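Novice: Next up is a structure, given as structure tokens.
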Amino acid sequence: MQQQTNIRTQDEAAAAPRLNVVAGGAGFIGSHLCRALLDRGEAVLCLDNLQTARPSNLRALEGRAGFLFVQHDISQPLPAAVTGAAGIARVWNLACAASPPLYQRDPEHTMLTNVVGTNHLLRLAEGAGARFLLTSTSEVYGDPEHHPQAEDYRGNVSCTGPRACYDEGKRAAEALTFDYARAGRAEVRVARIFNTYGPNMDPADGRVVSNLICQALRGEALTIYGDGSQTRSFCFVSDMVAGLMALMEADFDGMEPVNLGNPVEMTVRELLGHVQALTGTGAAVEQRPLPVDDPRRRRPDITRAGALLGWAPRVPLAEGLAATCAWFADELGALPHKTGT
Ligand code: UDP
Numbered sequence: 037m038q039q040q041t042n043i044r045t046q047d048e049a050a051a052a053p054r055l056n057v058v059a060g061g062a063g064f065i066g067s068h069l070c071r072a073l074l075d076r077g078e079a080v081l082c083l084d085n086l087q088t089a090r091p092s093n094l095r096a097l098e099g100r101a102g103f104l105f106v107q108h109d110i111s112q113p114l115p116a117a118v119t120g121a122a123g124i125a126r127v128w129n130l131a132c133a134a135s136p137p138l139y140q141r142d143p144e145h146t147m148l149t150n151v152v153g154t155n156h157l158l159r160l161a162e163g164a165g166a167r168f169l170l171t172s173t174s175e176v177y178g179d180p181e182h183h184p185q186a187e188d189y190r191g192n193v194s195c196t197g198p199r200a201c202y203d204e205g206k207r208a209a210e211a212l213t214f215d216y217a218r219a220g221r222a223e224v225r226v227a228r229i230f231n232t233y234g235p236n237m238d239p240a241d242g243r244v245v246s247n248l249i250c251q252a253l254r255g256e257a258l259t260i261y262g263d264g265s266q267t268r269s270f271c272f273v274s275d276m277v278a279g280l281m282a283l284m285e286a287d288f289d290g291m292e293p294v295n296l297g298n299p300v301e302m303t304v305r306e307l308l309g310h311v312q313a314l315t316g317t318g319a320a321v322e323q324r325p326l327p328v329d330d331p332r333r334r335r336p337d338i339t340r341a342g343a344l345l346g347w348a349p350r351v352p353l354a355e356g357l358a359a360t361c362a363w364f365a366d367e368l369g370a371l372p373h374k375t376g377t
């Protein structure tokens, strides 16, 4: 198997930069993380089943020194190309479809990816003596009764609804991760990621940022689900990756999850206004039914991230949206967008 020929021996590993296994490394956030780790001079073994990843995310990484790709679905036992790799220092789990329409397409697979897949990666970390980071989600707070959401809020999640495969899957993944840590089997970190946007998003992902920007660039109707009064807080991807890297290296026992997100909250209607101003679109707005169990509001309390990591997002929405819009314009071959607001 071609990948196995690239795996390092113990001797080579001792002299080599430290190795990161990044599950979901060809995805939206994962591809930015792989690039940042390579930029820091580290090696990356990227695992991805390419279910929701964009091939061009991968192509941009494949030429880089120290980068190795193994196509694999983490819900299945890890291949020897991964378990046999020497010198694994960090294991990152970013592998799961995160967009509601996509993770609901095969809910059994979503649940198993989060629970069985996380277990496979935890075992890998345990065997290698590596530190493990789980990317959990603000979805563990469900439709929150507490606002903003701090990590000690236990959430309001439906375990029977269509989002449960993801929300409850991530909650179970957190439980499993902390169980490994409590038993001294692995050093762990758990990030709860709030809505994130930026280049490398899939235009067909179905998220509100990608949908609105792509619709505006294509001159299509802009879709708003419900009346658009629900809120979200959007974090630019470079800030998210900086937070994840800080968390992985943070000097604490790892026994508590850490929210990562941008606390600037807005309604979906307000986001629509920003996209309209940025793109100059005059397209109609089309109201569609609010999806089942769609949270009414969401804003991270990032006090813990600030205290533990000295981290806070830096990129303002206007700047992040402009960069995202320019990237989508390029990606779609659309006409350059209007940059002024
Ligand atoms: N949404 C919308 N129009 C779209 C896609 C999504 O109004 O074209 C809404 C969606 O119902 C939700 C919010 O925007 O209230 C954020 O949706 P997204 O899927 O981006 O993230 P999540 O629901 O996982 O926070």
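The working numbering numbers the first residue of the sequence shown as 37 and each following residue consecutively.
Idealized CB from N, CA, C, for every residue including glycine.
Keep in mind that this is a model prediction, so the values were computed, not measured.
Could you tell me the boundaries of the beta strand (DSSP E) in which Cys82 lies?
Specialist: Start at 1 with the first residue of the sequence shown, and residue 82 comes out as number 46. Note, Cys82: beta strand (DSSP E), Ala79 to Asp84.
Novice: Runs of 3 residues minimum, wholly inside the segment 75-136: which ones carry the beta strand (DSSP E) assignment?
Specialist: 79-84, 103-107 and 124-129, all fully within the segment 75-136.
Novice: Pairs of beta-carbons, one from the segment 199-209 and one from the segment 151-161, closer than 8 Å: are there three or more?
Specialist: Counting Cβ pairs under 8 Å, three or more are found: they touch.
Novice: Nearest CA to the CA of Leu280: which residue from Glu210, Ala359, Thr259 and Leu170?
Specialist: As a first step, residue 280 is located in the sequence shown; it is residue number 244 there, counting from the start. Per the Cα distances, Leu170.
Novice: Which full runs of the alpha helix (DSSP H) of 4+ residues lie inside the segment 304-350, going along the chain?
Specialist: As far as the segment 304-350 is concerned, its whole alpha helix (DSSP H) runs of at least 4 residues are 304-315 and 339-345.
Novice: Spatial neighbours of Arg221 within its chain, please: CB distance less than 7 Å, with the 5 preceding and 5 following residues excluded, ordered by chain position.
Specialist: For the purposes of this step, residue 221 is taken as the residue at position 185 of the sequence shown. Answer for Arg221: Glu162, listed in chain order.
Novice: Measure the C-alpha to C-alpha separation of Glu292 and Leu258 and round it to an integer number of angstroms.
Specialist: Here the question's residue 292 lines up with position 256 in the sequence shown. Here the question's residue 258 lines up with position 222 in the sequence shown. Answer to the nearest angstrom: the Cα atoms are 39 Å apart.
Novice: Quick check: is any heavy atom of ligand 1 less than 8 Å from the C-beta of Asp287?
Specialist: Sequence index remark: in the sequence shown, residue 287 carries index 251 (1-based). Every heavy atom of ligand 1 is 8 Å or more from the Cβ of Asp287, so no.
Novice: Write down the C-beta distance between Thr232 and Arg334 rounded to the nearest angstrom, noting that I regard them as a contact closer than 8 Å.
Specialist: Locating residue 232 in the sequence shown gives position 196, where the first residue counts as 1. Locating residue 334 in the sequence shown gives position 298, where the first residue counts as 1. Contact doesn't hold; Cβ gap of about 12 Å is too wide.
Novice: Kindly list the residues whose CB is nearer than 8 Å to the CB of Arg225, restricted to its own chain and excluding five residues on each side of it in sequence; keep chain order.
Specialist: The residue labelled residue 225 in the question sits at position 189 within the sequence shown. Cβ neighbours of Arg225 beyond the five flanking positions: Arg167, Phe168, Leu169, Leu170, Leu283, Met284, Ala286, Gly290 and Val294.
Novice: Short of 8 Å in beta carbon distance, which residues of its chain neighbour Thr146, apart from the five on each side in sequence? Order them along the chain.
Specialist: The residue labelled residue 146 in the question sits at position 110 within the sequence shown. For Thr146, where only same-chain residues beyond five positions count, the Cβ hits under 8 Å are Cys132, Ala133, Tyr139, Gln140, Cys201, Tyr202 and Gly205.
Novice: Taking 8 Å as the cut-off, is the CB of Gln392 close to at least one heavy atom of ligand 1?
Specialist: Lying outside 37 to 377, the shown extent of the chain, residue 392 is not represented and no answer is given.
Novice: Apart from the five residues on each side of it in sequence, which residues of its chain come closer than 6 Å, Cβ to Cβ, to Gly61?
Specialist: As a working note, residue 61 is residue 25 in the sequence shown. If we look at Gly61 and ignore the five residues flanking it on each side, its Cβ neighbours are Cys70, Cys82 and Asp84.
Novice: Going by C-alpha to C-alpha distance, which of Leu296, Pro235 and Gly262 sits closest to Glu355?
Specialist: What you label residue 355 is simply residue 319 of the sequence shown in a count that begins at 1. When each option's Cα is compared against that of Glu355, the closest is Pro235.
Novice: From the DSSP secondary-structure annotation, give me the bridge partner or partners of Gly178.
Specialist: For the purposes of this step, residue 178 is identified with residue 142 of the sequence shown, where counting begins at 1. DSSP, once it has assigned bridges, lists Asn192 as partnering Gly178.
Novice: Determine which residues share a DSSP beta bridge with Ile229 and list them.
Specialist: Sequence index remark: in the sequence shown, residue 229 carries index 193 (1-based). Paired residue(s): Thr173 and Leu296.
Novice: What residue range does the alpha helix (DSSP H) around Thr149 cover?
Specialist: Sequence index remark: in the sequence shown, residue 149 carries index 113 (1-based). No alpha helix (DSSP H) holds Thr149; DSSP gives it neither H nor E.
Novice: Quick one: is the Cβ of Asn192 within less than 8 Å of any heavy atom of ligand 1?
Specialist: The residue given as residue 192 occupies position 156 in the sequence shown. Because no heavy atom of ligand 1 lies under 8 Å away, the Cβ of Asn192 does not count as near it: no.
Novice: Which whole-angstrom value is the C-beta distance of Gly63 and Leu114, which I expect to be below 8 Å?
Specialist: For the purposes of this step, residue 63 is taken as the residue at position 27 of the sequence shown. For the purposes of this step, residue 114 is taken as the residue at position 78 of the sequence shown. So it is not a contact: roughly 18 Å between Cβ atoms.
Novice: Among the residues of its own chain, which have a CB less than 8 Å from the CB of Leu368, if the five just before and after it don't count?
Specialist: Here residue 368 refers to the residue found at position 332 when the sequence shown is read from its first residue. Cβ within range, chain order: Pro239, Cys250, Leu253 and Arg254.
Novice: Just the C-alpha distance for Gly376 and Arg54, rounded to the nearest angstrom, thanks.
Specialist: Residue mapping note: residue 376 aligns to position 340 of the sequence shown, counting from 1. Residue mapping note: residue 54 aligns to position 18 of the sequence shown, counting from 1. The predicted model places Gly376 with a pLDDT of 34, which falls under 50 and marks its position as unreliable; any figure quoted below should be read in that light. Going from the Cα of Gly376 to the Cα of Arg54 covers about 44 Å.
Novice: Taking the beta carbon of Ser92 as the centre, do at least 16 other beta carbons fall within 10 Å, making it buried, or is it exposed?
Specialist: Along the sequence shown, read from residue 1 onward, the residue named residue 92 stands at position 56. Label assigned to Ser92: exposed.
Novice: Spatial neighbours of Trp128 within its chain, please: C-beta separation below 6 Å, excluding the five flanking residues on both sides.
Specialist: In the sequence shown, counting from the first residue as 1, residue 128 sits at position 92. Closer than 6 Å at Cβ, skipping near neighbours: Val58 and Leu169.
Novice: Measuring only the C-alpha atoms, how far is Ala209 from Tyr177?
Specialist: As a first step, residue 209 must be located in the sequence shown, where it is residue number 173. As a first step, residue 177 must be located in the sequence shown, where it is residue number 141. Ala209 and Tyr177: Cα-Cα distance of roughly 14 Å.
Novice: In chain order, what residues of the same chain lie with their CB nearer than 8 Å to the CB of Leu345, ignoring the 5 residues before and after it?
Specialist: Residue numbering aside, residue 345 sits at position 309 when the sequence shown is read from its first letter. Taken in chain order, the residues that qualify are Gly279, Ala282, Leu283, Ala286 and Val294.
Novice: Can you say whether Pro137 is buried or exposed, counting buried as having 16 or more other CB atoms within 10 angstroms of its CB?
Specialist: Reading the sequence shown from its first residue, position 101 is the one you call residue 137. So Pro137 counts as exposed.
Novice: Using the beta-carbon count (16 or more within 10 Å), is Thr360 buried or exposed?
Specialist: In the sequence shown, residue 360 corresponds to position 324, counting from 1. When all chains shown are included, Thr360 counts as buried.
Novice: To the nearest whole angstrom, what separates the beta carbons of Asp179 and Asp329, a pair I think is in contact under 8 Å?
Specialist: Reading the sequence shown from its first residue, position 143 is the one you call residue 179. Reading the sequence shown from its first residue, position 293 is the one you call residue 329. Confirmed, Cβ separation roughly 7 Å.
Novice: Rounded to a whole number of angstroms, what is the C-alpha to C-alpha distance between Arg159 and Asp109?
Specialist: Stepping through the sequence shown from its first residue, residue 159 is reached at position 123. Stepping through the sequence shown from its first residue, residue 109 is reached at position 73. Roughly 15 Å separates the two Cα atoms.
Novice: Shortest alpha-carbon distance to Arg332 belongs to which of Arg324, Gly264 and Leu353?
Specialist: Walking along the sequence shown from the start, residue 332 turns up at place 296. Here the closest residue by C-alpha is Gly264.
Novice: Can you tell me which of the three DSSP states Glu355 falls into?
Specialist: Within the sequence shown, the letter at position 319 stands for residue 355. Of the three classes helix, strand and coil, the one that applies to Glu355 here is helix, per DSSP.
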